[in-house]
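Heads up: the structure comes next, in structure tokens.
In my numbering, the protein residues as written are 501 to 1092.
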């Protein structure tokens, strides 16, 4: 009996699925899951370092699954981090991490690809590796699968560099296919233990960073036109309810609005739109292939798509008679936005969310959020007239140059919006964390006590139809260290995992005491990671280029100090960020 047969038997016969929560996380065999004969195939295990219901909601993971399986010679399977009850069962019965398609143990694969979506999930990566039977440190591996990392957090790979053989920085479609082709041609090197030689070969692929080879300069991989990689009309459909339980269609990639706190805006530049006909056909296919009753048009700022009006007009006749809801999760603040939202709400009126981010115009200028209070209030008036009774606002505290007036501005602006006549106003407030590759990477991070004081001030105004919720400030220092950390921080990640840190991105699982102890054991000078940086300092992640020049980031930093805004290059001309020249691609707009 093979190991995969043993695992299947254990799942079916041992009663484990009656002892753990949400057993459908572990059974696989979902609608549209890919099955291939494993013989003669390059085997790739795509591993999401979080619970099944989180990973199954992630579009990038689905895109790689589809693209890799488009190669006849590659079989990509999936796994997710089991919840703590299942981890205990697996350890107690010596069951390794396994794939959902064939129940194969992770060690039978040639590549294990792990996505890094958020820093507080770093200890989850170590949990995956340990369950898989793969040595945690890349220096200790010989014949085991090549462990690849990717995703936005890989833009500063240093804190996790001791645990990965390689990182793929940027868009994964082309780069991963190229990496897989090279590994397939050179599998004899992996199987004979010549790991370093194989890694040197794949390092020639654009976007690939090999930590063991030192800090070589790497430029991110970028797809010139995302329409070259079509929309998956038959994504895997889970048996259980997941976080985003709907069909997802990527309508464009990238955002040039230039919010100075936003790492995603830099990571995914430039803007590349799909043509509206391709999107509409993709929606039709996905509805035929899944049975979902809601479709989300996804991007960093969907309302900015140059054909969004025509697109929604073409989709509504298809969806309204079938009672299928259309959602646009990323919204800008203007009247056009609300008009479109009103049209698509004819099937199901979901919540409406706006993100002014800051409470005063001065601070919105600092962060380059080109939205005025009048814009917000005008939109709120239109939304109320169109029938919305509930509205949600997003703000941040701890932003650069913030004063007490800016904090008070959150309350004042929220009250003005509520006074328009909404039954309920939800106000969500996050603590700002400086991120690598942004103009705000040079600023200091707000300390925890200051964050708590501001949070308590805001919570004091909750009530009378305004519900103010502030994210847990105790997470911020840990996230900040992991975000702007160097390779030394990896020791703290290891120690935190050894002490029991897991699922830290879940508020009810995060234990700050563990991290305080881990940072102490690792001799990490925490204050050194919270401080601001000089603009002429060499930063720990500077060998990784996302295409945007440091000159531009420095310029934007100084413009923020002067409260000067920078327009979107799609409508105001080139702002000299250098991404198009450095990557050899440019904005792809479908209507100019």
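By construction, the Cβ of each residue, glycine as well, lies at the ideal position given by its N, Cα and C atoms. As the structure is a prediction and not an experimental result, all values here were calculated from the model.
Inter-segment contact for the stretch 1051-1062 and the stretch 992-1012 is absent: fewer than three beta-carbon pairs are separated by less than 8 Å.
In the three-state DSSP reduction, residue 1017 falls in the helix class (H, G or I). For residue 727, the three-state secondary structure derived from DSSP is helix.
Assigned with DSSP and collapsed to three states, residue 825 falls in strand. Per DSSP, the continuous beta strand (DSSP E) segment holding residue 856 begins and ends at 852-857. Rounded to whole angstroms, the gap between the alpha carbons of residue 901 and residue 875 is 23 Å.
Rounded to whole angstroms, residue 816 and residue 842 show a C-alpha spacing of 12 Å.
Put simply, the backbone Cα of residue 731 is about 44 Å away from that of residue 1019. Between the alpha carbons of residue 515 and residue 995 lies a distance of about 34 Å.
Shortest Cα-Cα distance from residue 744 to any of 1077, 628, 828 and 855 involves 828. Secondary structure at residue 709: strand, using DSSP grouped into helix, strand and coil. Between the alpha carbons of residue 746 and residue 737 lies a gap of roughly 9 Å. When secondary structure is reduced to three states using DSSP, residue 598 falls in the strand class.
Comparing alpha-carbon positions, the option among 646, 758, 754 and 761 lying closest to residue 771 turns out to be 754. Under the 10 Å beta carbon count, residue 643 is surrounded by fewer than 16 other beta carbons and is classified as exposed. Judged by their CB atoms, residue 880 and residue 847 are not nearer to each other than the 8 Å cut-off.
DSSP places residue 736 outside both helix and strand once states are collapsed to three, so it counts as coil. Bridge pairing for residue 924: 890 [DSSP]. Under the criterion of beta carbons closer than 8 Å, residue 549 and residue 600 do not qualify as touching, at roughly 15 Å. Judged by DSSP secondary structure, residue 576 falls within the beta strand (DSSP E) whose first and last residues are 574-580.
With fewer than 16 other CB atoms across the displayed protein chains lying within 10 angstroms of its CB, residue 1061 is exposed. Cα atoms of residue 552 and residue 810: separation of roughly 36 Å, rounded to the nearest angstrom.
Straight-line spacing of the CA atoms in residue 922 and residue 893 works out to 12 Å.
Note on residue 1015: 16 or more other CB atoms within 10 angstroms of its CB, so buried under the neighbour-count rule. The beta carbons of residue 607 and residue 633 sit closer together than 8 Å. The three-state reading of DSSP puts residue 523 in helix, counting H, G and I together. By the CB criterion at 8 Å, residue 751 and residue 682 fall outside the cutoff.
In the structure shown, residue 1091 falls within a coil segment according to DSSP collapsed to helix, strand and coil. The Cβ atoms of residue 906 and residue 863 sit closer than 8 Å to each other.
Residues 659, 981, 982 and 1024 of the same chain have their beta carbon placed closer than 7 Å to that of residue 989, with the five preceding and five following residues left out of the count.
Beta-bridge partners of residue 610 (DSSP): none assigned. Ranked by Cα distance from residue 806, the first of 739, 819 and 779 is 779.
One thing to note: residue 690 has its Cβ within 8 Å of the Cβ of residue 646. It is roughly 34 Å from the alpha-carbon of residue 509 to the alpha-carbon of residue 788. Using a C-beta cut-off of 8 Å, the stretch 1065-1072 makes no contact with the stretch 1033-1042, since fewer than three inter-stretch Cβ pairs fall below that distance.
In terms of Cβ geometry, residue 709 and residue 657 form a close pair [threshold 8 Å].
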